[in-house]
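Notes to accompany the following structure.
There are 2 protein chains.
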Amino acid sequence: MKNVIGAVCIKCGAEQTAANDTYTCKKCGGILEIVYDYHYIKSRLTREKLAADKEYSIWRYLDLLPIEEGSKLSALRVGWSPLYKTEAMGKALGLKNLYIKDDGLNPTSSLKDRASAIAAVRALHAGKNIVACSSTGNAASSLAGNAAALGLRSFIFVPERAPIGKLTQLLIFGATVIKVKGNYEDTFRLSAEAIAQYGWYNRNAAINPYLSEGKKTVSLEIAEQLGFIAPDYVAISVGDGCTIAGVWKGFKDLYALGLIDKLPKLISVQAEGCCPVNRAIETNSPIEPMEENTLADSIAVGVPRNGDKALMAIRESKGITVNVSDDEILAAMRLLGNTAGVFGEPAGVAGTAGLKKVVEKNLIPQDATVVSVVTGNGLKDITSAQKAAGEIGGPIHIAPDMGLLEDEFRKRGIEV
Amino acid sequence: MKNVIGAVCIKCGAEQTAANDTYTCKKCGGILEIVYDYHYIKSRLTREKLAADKEYSIWRYLDLLPIEEGSKLSALRVGWSPLYKTEAMGKALGLKNLYIKDDGLNPTSSLKDRASAIAAVRALHAGKNIVACSSTGNAASSLAGNAAALGLRSFIFVPERAPIGKLTQLLIFGATVIKVKGNYEDTFRLSAEAIAQYGWYNRNAAINPYLSEGKKTVSLEIAEQLGFIAPDYVAISVGDGCTIAGVWKGFKDLYALGLIDKLPKLISVQAEGCCPVNRAIETNSPIEPMEENTLADSIAVGVPRNGDKALMAIRESKGITVNVSDDEILAAMRLLGNTAGVFGEPAGVAGTAGLKKVVEKNLIPQDATVVSVVTGNGLKDITSAQKAAGEIGGPIHIAPDMGLLEDEFRKRGIEV
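What follows is the structure, given as structure tokens:
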């Protein structure tokens, strides 16, 4: 990879080669971050080149991605999700320049496709024919889908509590699913053991430093879609920390290349019932494990494996932390649906819920340019959507008769 | 609309103005088709113009759409879904040039967004602030989503049997949902009465001739994505007939403009348990009502309201009809998932199931260029996906122990 210099440990700062999919620091075991040769990339990745590029997917940013030359790229169209300027929702929130990035429109319906596409491409290039991870959710389904499209097999380890809907998507994508009798820690351990023993490609995001490089493409797109002007704020939900770290990395890359001339502030949103990253920021102390009490399952991570990277990102950006209740998450789901026509899953809309709270607290100016990333499709979790919809009052239930319909409209005060 | 001449009745051939959202023939009550001024459009819609156009949505084809000048266009990004060349699936089916068009990646996760976007834009321009339709499925959710994004309200009439998952999406999009005690006919009737009484914009696709104009954009995209070469065959599932009619119209438009130099043959796929359109073709007789016995609910239409348009399209294209069982549909769901990484709903993959059958019967040559359109996302109907996944054998269920894992791999003959 001519564009990659190597990797650096975010804990001890030790530099190392990134060539052999080294996943953790050889000195201290810390998490690595990929280091690019910006000088080399600067001559290749220009606004003009991008303006002429018709590859509307994450691969338009190949110069900024850790992909070996000559790799066969993912067959699915990952990335270049729409960025909507939404006046109605802006008005509801009291923001004049609000944008929604709908990442639920990725091939397997979540932002995680951005990371899994990188994993599948790197695995194939490395001569692996099996990729593996432990996950109950979007990481798993995106890995299974992206692997299938490239002709790779996938082995997915899930804890016993994994909902049947999510298992189903995995099975349809042809994954071998191993349901582990135990909790997430047990599941993760068995997956790590099997990966080591069989030499499979490891897509456990917190360990594999290449994956947040995929996630950063969401920021590259936001900046390009805004005409190479970074927004003032980006609101995003935080679970294991890998996504917010990727978001920050994307903007930093563009800044280093001179493609944007300022950096946004991050709004880190966690669930009240599970907010170890935000608590660490707020109390200026190390991350301590927490219970996982929230319906937003994709961000219910009590022991964030990429917590350090997340803390660094939030602090460097002089970001804001905010925690939201499940009710606030459900309200955000309704707000996005009926003002912007965007249907997100609970974890996917938590960022929006947090943004609403931040505006109410007057923590950001009304005329700021703000992007709220919706990270997953609402169809992924219909049970939670039903809870959100329940608050609305439900359908009108009548016999087929105009008189009855008129009565109901009157009774409910519905203007027609 | 400078590009639209008027409308013509597909039954009696009477010409009429299309200006005032006239929905049926004034002479015989037949269904109308929009007539374009190809001479005018020819000078505007060229390959060069499209090559330079960065509007990657249905609006890149505005010259071929019935949209009033100066209309505010849909806020959602509808269309320009990916067209995947899938070698693995082609091999499984015995086709050398197989493409999958994944229309489940539209904003509300189905092809119907293409029609609903037109409806919402036309409604807004006509000064309406309420749009309405009767539907249990994708037409309804796409209308509710596209209306919400444009600041319009939506009133959706659903029959009592409508599944809660689909109702939920409607409520999240802020629709007023009227659940009618009765069957689909009762529901449709009440919706028609209410629409007439209140003057709402009518999105009942079979009646509103503008909607298949939206659906035709899927063909405009297929042709452009193939470099302005029409495929030899397009396989698509058929319910009320509006979609296959739209598919055909798109190719005919391009042919009339000289942008493609041949027309594809259509492969019309229906469910064995509900195939009134295909039966009419096969027996060369008028469409007769049928029971609705299939799990592919989006194409379970016993009385196709756009049957005449569908028959015309299949006959004009010298097309092929094929009916598939529910088991064949579920098998297609697995095949698409594990060879192409595409997850479709039952009605969405029925086209693929039919294509498989047509190849097995040697009805099309192996080297033909074939496009199979997947019309809706598998997440829309997890219950059916579970049935499909059930056939796979389910997950391996073990305690977190490497020895047990190895045993299971051996027992099941899984190579690692």
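Read top to bottom, the protein sequences are chains D and L. Sequence positions in the first sequence follow our numbering and run 70 to 485. Sequence positions in the second sequence follow our numbering and run 70 to 485. Where a beta carbon is used, it is the ideal one built from N, C-alpha and C, also for glycine.
(request) Check each residue of the stretch 407-419 of chain D: if its Cβ is closer than 8 Å to any Cβ of chain L, include it; give the result in chain order. (result) 407, 408, 409, 410, 411 and 412
(message) Taking a contact to mean a Cβ-Cβ separation below 8 Å, would you say residue 448 of chain L touches residue 415 of chain L in this structure?
(response) no
(request) Determine whether the Cβ of residue 297 of chain D lies closer than 8 Å to any Cβ atom of chain L. (result) no
(message) Less than 8 Å between the beta carbons of residue 74 of chain L and residue 106 of chain L, yes or no?
(response) yes
(request) Taking residue 163 of chain L as part of the alpha helix (DSSP H), name the residues at either end of that continuous run. (result) Run containing residue 163 of chain L: none; DSSP gives neither H nor E here.
(request) Rank L/123, L/253, L/150 and L/395 by C-alpha distance to the C-alpha of residue 177 of chain L and give the top, closest one. (result) Out of L/123, L/253, L/150 and L/395, L/150 has the C-alpha closest to the C-alpha of residue 177 of chain L.
(message) Quick check: the stretch 220-239 of chain D against the stretch 156-176 of chain D, are at least 3 beta-carbon pairs closer than 8 Å?
(response) These segments do not touch.
(message) Tell me the DSSP secondary structure of residue 80 of chain D in three-state form.
(response) coil
(message) So residue 237 of chain D contacts chain L; which residues on that side make the cut at Cβ distance below 7 Å?
(response) The contacting residues are 451, 454, 455 and 458.
(message) Please list the terminal residues of the continuous beta strand (DSSP E) segment that includes residue 266 of chain D.
(response) Here residue 266 of chain D belongs to no beta strand (DSSP E); instead the alpha helix (DSSP H) covers 253-267.
(request) Would you verify that the beta carbon of residue 255 of chain L is, or is not, closer than 8 Å to some beta carbon of chain D? (result) yes
(message) Is residue 320 of chain D close to chain L? Criterion is C-beta to C-beta, closer than 8 Å.
(response) no
(request) Specify whether the stretch 355-364 of chain D and the stretch 284-304 of chain D touch according to this definition: at least 3 beta carbon pairs, one from each stretch, less than 8 Å apart. (result) Three or more Cβ pairs closer than 8 Å define a contact, and the stretch 355-364 of chain D falls short of that threshold against the stretch 284-304 of chain D.
(message) Spatial neighbours of residue 82 of chain D within its chain, please: C-beta separation below 8 Å, excluding the five flanking residues on both sides.
(response) none
(message) Taking its Cβ as the centre, do 16 or more other Cβ atoms sit within 10 Å of residue 222 of chain L, making it buried, or is it exposed?
(response) buried
(request) Within the stretch 96-130 of chain D, note down every full beta strand (DSSP E) run reaching 3 residues or more, in order along the chain. (result) 101-105
(request) Kindly list, in the order they appear in chain L, the residues whose Cβ is closer than 7 Å to that of residue 121 of chain D. (result) Taking a Cβ-Cβ cut-off of 7 Å, residue 121 of chain D has no neighbours in chain L, whose nearest Cβ is about 10 Å from it.
(request) Kindly indicate if chain L contains any beta-carbon less than 8 Å away from that of residue 466 of chain D. (result) Cβ-Cβ to chain L under 8 Å: yes for residue 466 of chain D.
(message) Against chain L, does residue 250 of chain D count as a neighbour if the rule is that its beta carbon must be under 8 Å from one of theirs?
(response) Yes, residue 250 of chain D lies at the interface with chain L (some Cβ there is under 8 Å from its Cβ).
(message) Can you list, in chain order, the residues of its chain with a C-beta nearer than 6 Å to that of residue 350 of chain L? Leave out the 5 residues immediately preceding and following it.
(response) Excluding sequence neighbours, residue 350 of chain L sits near 383 and 390.
(message) For the stretch 399-416 of chain D against the stretch 450-470 of chain D, do three or more pairs of beta-carbon atoms, one drawn from each stretch, fall closer than 8 Å, so that the two count as touching?
(response) yes
(message) Quick check: the Cα distance between residue 270 of chain L and residue 261 of chain L, rounded to an integer number of angstroms?
(response) Those two C-alpha atoms are separated by around 11 Å.
(message) Helix, strand or coil for residue 440 of chain D? Go by DSSP, reduced to three states.
(response) strand
(message) Would residue 167 of chain D pass as an interface residue toward chain L - the criterion being a Cβ-Cβ separation below 8 Å?
(response) Not closer than 8 Å to any Cβ of chain L, the Cβ of residue 167 of chain D fails to qualify, so no.
(request) Anything in chain L within Cβ reach of residue 381 of chain D, meaning under 9 Å, just list it in chain order. (result) Those within 9 Å of residue 381 of chain D in chain L number zero; the least Cβ separation is about 32 Å.
(request) Can you grab the Cα-Cα spacing for the pair residue 180 of chain L / residue 72 of chain L, in whole Å? (result) 24 Å
(request) Measuring alpha carbon to alpha carbon, tell me which of L/187, L/368, L/154 and L/229 ends up nearest residue 255 of chain L. (result) L/229
(message) Cβ closer than 8 Å: which chain D residues qualify as neighbours of residue 127 of chain L?
(response) Neighbours of residue 127 of chain L on chain D: none; closest Cβ ~13 Å, over 8 Å.
(request) Could you tell me the boundaries of the alpha helix (DSSP H) in which residue 311 of chain D lies? (result) 311-325
(request) Can you check DSSP and say which residues form a bridge with residue 190 of chain L? (result) DSSP lists no partner for residue 190 of chain L.
(message) According to DSSP, simplified to helix, strand and coil, what is residue 281 of chain D?
(response) DSSP places residue 281 of chain D in helix when its eight states are reduced to three.
(request) Give a yes or no on whether 8 Å exceeds the smallest Cβ distance from residue 461 of chain L to chain D. (result) yes
(request) Please list, in chain order, all residues of the same chain as residue 198 of chain L whose beta carbon is under 7 Å from its beta carbon, the five residues on each side excluded. (result) So the qualifying residues of the chain are 221 and 222.
(request) Report the three-state DSSP secondary structure of residue 480 of chain L (helix, strand or coil). (result) helix
(request) In angstroms with no decimal places, state the Cα-to-Cα distance between residue 185 of chain L and residue 79 of chain L. (result) 22 Å
(message) Check for me: the beta strand (DSSP E) holding residue 306 of chain D runs from which residue to which?
(response) 302-306
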